[in-house]
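Okay, structure first, notes after.
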Amino acid sequence: MSKKTVAVLFGGQSSEHEVSCVSATTVIKNINMDIYRILIIGITKEGKWLKVNNTEEITSGSWKQNKETAVLLPDAALKSVLILKGEKAECIKVDVVFPVLHGLYGEDGTVQGLLELAKIPYVGCGVLASAISMDKLYTKIVVDTLGIRQAKYVAVLKKDLEAMEEAVKKVEAVLSYPVFIKPSNAGSSRGISKADTREELMEGLKLASEHDRKILVEETINGREVECAVLGGNEPKASGVGEIVAAAKFYDYDAKYNNAESKTILSPELPAGAAETIRDYAIRVFRAVDGHGLSRVDFFVDRNTGEVIFNEINTMPGFTSISMYPMLWEGKGIGKPQLVEKLLQLAFARAAEAGGESDAL
1 MSKKTVAVLF GGQSSEHEVS CVSATTVIKN INMDIYRILI IGITKEGKWL KVNNTEEITS
61 GSWKQNKETA VLLPDAALKS VLILKGEKAE CIKVDVVFPV LHGLYGEDGT VQGLLELAKI
121 PYVGCGVLAS AISMDKLYTK IVVDTLGIRQ AKYVAVLKKD LEAMEEAVKK VEAVLSYPVF
181 IKPSNAGSSR GISKADTREE LMEGLKLASE HDRKILVEET INGREVECAV LGGNEPKASG
241 VGEIVAAAKF YDYDAKYNNA ESKTILSPEL PAGAAETIRD YAIRVFRAVD GHGLSRVDFF
301 VDRNTGEVIF NEINTMPGFT SISMYPMLWE GKGIGKPQLV EKLLQLAFAR AAEAGGESDA
361 L
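Numbering (the UniProt record's numbering), first residue to last: 1 to 361.
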């Protein structure tokens, strides 16, 4: 049987560029080389697509000096990546793409749309699920229809900040301090802050507006932060539950990736029935946004009442050595090589179901 070509995309123009580089290295090292040829494509922060030769170039960062441009063609008849080096050009047919891209311009439906045009199977959620899940406000709107408890919230637009006093009053009419301020479309806790006073709320709104034109202000939940991994297509499965113990007053970007004191705990002790509720809610949210392949669904468990409260869904969760998604499945006996292969097979299965090339299965 001839090997199939899997293109791994990483990097990207989002604030999670560096995390994507680490995730991609993990994914690449766990692809079965007996079955696949790997084409590695790095996207710089400026949006330049480059052919990368190996994971060592990713680790060192030297790939950004590479001279070969990689263009993913939207032509559905070709299903190919065009490699350009000087005056030379080569077309490489691609069987499947693993877009290991976190955040904007990768996890938000943009790259997924390009792959739909090209009719190339790809790992993860489709355009709709990616776009909705990336946008915290619209995720809230969808989850509201499920009757699942989530933090009370107020939406604020960047243009509303021109009348800051009115914007603040709008928030204060619904929520009490302290509150969390989040850009609606920004990944990995970028631009998030906590406000205990009106002045801090104003600063938080300004900070969030640097990342998105839509801002979400939420009530503070006194809860434990827990996560659940979802895997599958038409019949998705939920993993066990993991808990985040943040080293900061909240789980911001630095606490998540730069502070060794932040910890993840698999199978934490939870109130009776909470783990089952989390797993049930995770699948319900995943299905509600039309998820496919993988997602990590995040919740709070109220420290006083034990109530499970939905927080957010991530459609391309981190794949680093300290990332919860692969750790949760390892806890269920699915190692990284098996997990990566399962995700690739799910990509082929969805393409076949949609009328794509079924011989990839």
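Where a beta carbon is used, it is the ideal one built from N, C-alpha and C, also for glycine.
Is residue i near residue j, with beta carbons less than 9 Å apart?
i    : j    : result
A300 : I309 : In the sequence under discussion, the amino acid at residue 300 is Phe, which differs from the Ala named in the question. Result yes, Cβ atoms of F300 and I309 sit closer than 9 Å.
K45  : G11  : yes
S184 : H102 : no
V230 : G273 : no
G318 : S23  : yes
C228 : L328 : yes
V285 : I92  : no
V81  : Y36  : no
E200 : S209 : no
A151 : E219 : yes
N311 : D302 : no
N348 : V96  : As written in the sequence, residue 348 is Phe, which differs from the Asn given in the question. Yes, these two residues count as a Cβ contact at 9 Å.
V179 : V127 : no
V171 : V143 : no
L104 : A186 : yes
K51  : I38  : no
C343 : G124 : Per the sequence shown, residue 343 should be read as Leu rather than Cys. In this structure, G124 lies closer than 9 Å to L343 by Cβ.
Considering only the alpha carbon of each residue, which of the options lies closest to residue i?
i           : options                : result
A13         : K214, P317, M316, E107 : The question names Ala, but residue 13 is Gln in the sequence shown. Of K214, P317, M316, E107, the residue nearest in Cα terms is E107.
N53         : E269, T139, K64        : K64
residue 363 : I283, I58, I35, K119   : Beyond the ends of the chain as shown, which are 1 and 361, falls residue 363; an answer cannot be given.
K48         : G61, T69, L161         : T69
I215        : V340, G293, Y138, I221 : Y138
V94         : A195, Y122, G293       : Y122
P271        : R224, E165, K263       : R224
L9          : P99, A275, Y177, I83   : P99
S133        : R296, G335, R190, K79  : R296
Y281        : K263, V226, S2         : V226
N234        : R287, I221, A246       : R287
S62         : I83, M202, I221, I43   : I43
N222        : N30, T305, E165        : T305
N32         : H17, E57, I58, K3      : K3
M164        : M202, E18, A129, G113  : M202
V340        : Y325, A354, A351       : Y325
L207        : I283, R190, D196, R198 : R190
S60         : T25, T197, G232, G86   : T25
L161        : G204, T197, A129       : G204
D135        : E276, A195, V289, T277 : V289
Quick check on residue i: buried or exposed, where buried means 16 or more other Cβ atoms within 10 Å of its Cβ?
i           : result
D75         : exposed
A89         : exposed
T320        : buried
K140        : buried
T55         : buried
residue 385 : Examination of residue 385 is not possible in this model, given that the chain is present from 1 through 361 alone.
L361        : Because L361 sits at a pLDDT of 31, beneath the cut-off of 50, its placement in the model cannot be relied upon, and the point is left open.
D212        : buried
M316        : buried
D359        : Reliability of the predicted coordinates at D359 is poor, the pLDDT of 37 falling under 50, and the value obtained from them is presented with this limitation in mind. Flag for D359 reads exposed.
K159        : exposed
V174        : exposed
E16         : buried
A131        : buried
L294        : buried
Beta strand (DSSP E) containing residue i: first to last residue?
i    : result
S80  : 80 to 85
T264 : 263 to 266
T110 : T110 -> not in any beta strand (DSSP E); alpha helix (DSSP H) instead, spanning 110 to 118.
L39  : 36 to 43
I31  : It is not in any beta strand (DSSP E) - I31 carries neither H nor E in the DSSP assignment.
T5   : 4 to 11
S193 : 193 to 195
K51  : 49 to 52
L181 : Rather than Leu, the amino acid found at residue 181 in this sequence is Ile. Segment 179 to 183, the beta strand (DSSP E) holding I181.
L216 : 214 to 219
Grab the span of the alpha helix (DSSP H) containing residue i for me, first residue to last.
i    : result
F286 : 274 to 288
I334 : Segment: none, I334 is in no alpha helix (DSSP H) and carries neither H nor E.
R198 : 198 to 209
Y138 : 136 to 144
E243 : First-last for E243: 237 to 245, but that is the beta strand (DSSP E), not the alpha helix (DSSP H).
V123 : Note, V123: premise wrong, no alpha helix (DSSP H); not H, not E.
I58  : 55 to 60
V168 : 164 to 172
Looking at chain B, is there any beta carbon in it that lies within less than 9 Å of the beta carbon of residue i?
i    : result
I278 : The structure shown contains no chain B, having only a single protein chain.
Item to check | Touching by the beta-carbon criterion (3+ pairs, under 8 Å), the region 264 to 282 and the region 235 to 248 | outcome: With the rule of 3 Cβ pairs closer than 8 Å, the region 264 to 282 counts as touching the region 235 to 248.
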